[in-house]
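Every number in the numbering used here is 555 more than the matching position in the sequence shown, counting from 1. Read through the structure below, which is laid out as structure tokens, and then see the notes.
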Amino acid sequence: MKTTVRSERRRRSGARGFTLIELLVAIAIMAVIAVLSWRGLDQIIRGRQTITNAMEEERVFAQLFDQMRIDARQAASDDEAGQAAISVSGNVLQIVRELQLPGAAPRLQVVRYRVSEGRVVRYASPPLGTVGDLRRALRGGEGDGWSALPLMSGVGAISARMYVPRVGWTIQMKDVQGAITEADNNLKVPQLGSAPLPRSVTGLEVSVGAKSLARPVVRVFLVGE
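Structure below.
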């Protein structure tokens, strides 16, 4: 009996807990693991945010250029517009386009893209049914009845070039007007009198520069196709 008690006392006296140094080492290891885990999680969150921002910018660019593509494709002819259907003046791109409304005769519409306070805004006139309405819309500003649709923010500048057959890419409206004058003169030739008036501008190149971009984004559109 005495032997058993002594053995139990020896066993109890040999049992011990963690020392202070061991606890400090364990806490240090857990702290390192926590910091590494936090950094990894932070990188994942930052990466996800970067991808989300890039996808949003891509969506905004797609919306802007898709609307420009539709307007260029539905551009009226120069004789319908009574002048160049597509014109560029500074940071303003103007397109005279055909407008099809359900249950109504075809109309024309004047569309302008301009940069206002770092944002690309698409201004569109109401449907124009007469030559007088068209002339007033072309001469005036974006007044009553015009719609304004903001398409993209953070834009530094927007510029455009026009492709004129036999001339090439140009930003000069005199080249466009020269093509219109040549087409009008060709109508006086008997052999070409019944031919349709060709477009003075057959291609449109639009460049958009934004603060978040290292270089401008450029897109090319066919006119009237």
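C-beta atoms are modelled at their ideal positions from N, C-alpha and C, and glycine is treated no differently.
Report the rounded CA-to-CA distance for residue i versus residue j, giving the unit in angstroms.
{"i": "M717", "j": "V590", "result": "57 Å"}
{"i": "S767", "j": "E760", "result": "21 Å"}
{"i": "R694", "j": "L683", "result": "14 Å"}
{"i": "E640", "j": "R770", "result": "First, the residue type needs correcting, since residue 640 is Ala and not Glu in the sequence shown. So the two alpha carbons sit approximately 29 Å from each other."}
{"i": "A765", "j": "R628", "result": "25 Å"}
{"i": "I576", "j": "Q598", "result": "33 Å"}
{"i": "N740", "j": "R614", "result": "45 Å"}
{"i": "I713", "j": "R669", "result": "8 Å"}
{"i": "G758", "j": "V719", "result": "7 Å"}
{"i": "V666", "j": "T736", "result": "24 Å"}
{"i": "S762", "j": "T725", "result": "13 Å"}
{"i": "A659", "j": "V675", "result": "30 Å"}
{"i": "P657", "j": "G779", "result": "21 Å"}
{"i": "G698", "j": "E672", "result": "19 Å"}
{"i": "K729", "j": "F616", "result": "30 Å"}
{"i": "T574", "j": "A583", "result": "14 Å"}
{"i": "Q664", "j": "Q622", "result": "14 Å"}
{"i": "A630", "j": "S755", "result": "12 Å"}
{"i": "Q638", "j": "Q727", "result": "15 Å"}
{"i": "F777", "j": "D626", "result": "Sequence inspection shows Leu at residue 777; the Phe mentioned does not correspond to that position. Each residue's alpha carbon lies about 10 Å from the other."}
Taking 7 Å as the threshold (beta carbon to beta carbon), is residue i in contact with chain D?
{"i": "D739", "result": "Absent here is chain D; the protein component of the structure consists of one chain."}
For residue i, which residues does DSSP report across the bridge?
{"i": "I641", "result": "I650"}
{"i": "S702", "result": "A679"}
{"i": "M717", "result": "T725, L759"}
{"i": "M623", "result": "Its beta-bridge partners do not exist; DSSP assigns none."}
{"i": "F776", "result": "L759"}
{"i": "Q664", "result": "R652"}
{"i": "R669", "result": "V676"}
{"i": "G764", "result": "A712"}
{"i": "A586", "result": "Paired residue(s): none; A586 is not in a bridge."}
{"i": "A630", "result": "R652"}
Excluding five sequence neighbours on each side, which residues of the same chain lie with their C-beta closer than 7 Å to the C-beta of residue i?
{"i": "A581", "result": "none"}
{"i": "T685", "result": "none"}
{"i": "R662", "result": "L654, L656, P682, L683, G684"}
{"i": "R721", "result": "none"}
In terms of alpha-carbon separation, which member of the options lies closest to residue i?
{"i": "L619", "options": "R594, G696, S708, M728", "result": "S708"}
{"i": "A679", "options": "V710, V775, V651", "result": "V651"}
{"i": "L752", "options": "S632, A617, Q655", "result": "S632"}
{"i": "V773", "options": "V587, A586, R624, P657", "result": "R624"}
{"i": "E653", "options": "P681, T574, S592", "result": "P681"}
{"i": "V731", "options": "R594, L777, S642, G687", "result": "S642"}
{"i": "V647", "options": "G637, R677, G723", "result": "R677"}
{"i": "E635", "options": "G700, D688, F776, L706", "result": "D688"}
{"i": "S644", "options": "A715, L578, G700", "result": "A715"}
In chain order, what residues of the same chain have a beta carbon less than 6 Å from the beta carbon of residue i, not counting five sequence neighbours either side?
{"i": "S702", "result": "A679"}
Among residues of its own chain, excluding the 5 on either side of residue i, which ones have a beta-carbon nearer than 8 Å to its beta-carbon?
{"i": "A738", "result": "D633, L752, P753, S755"}
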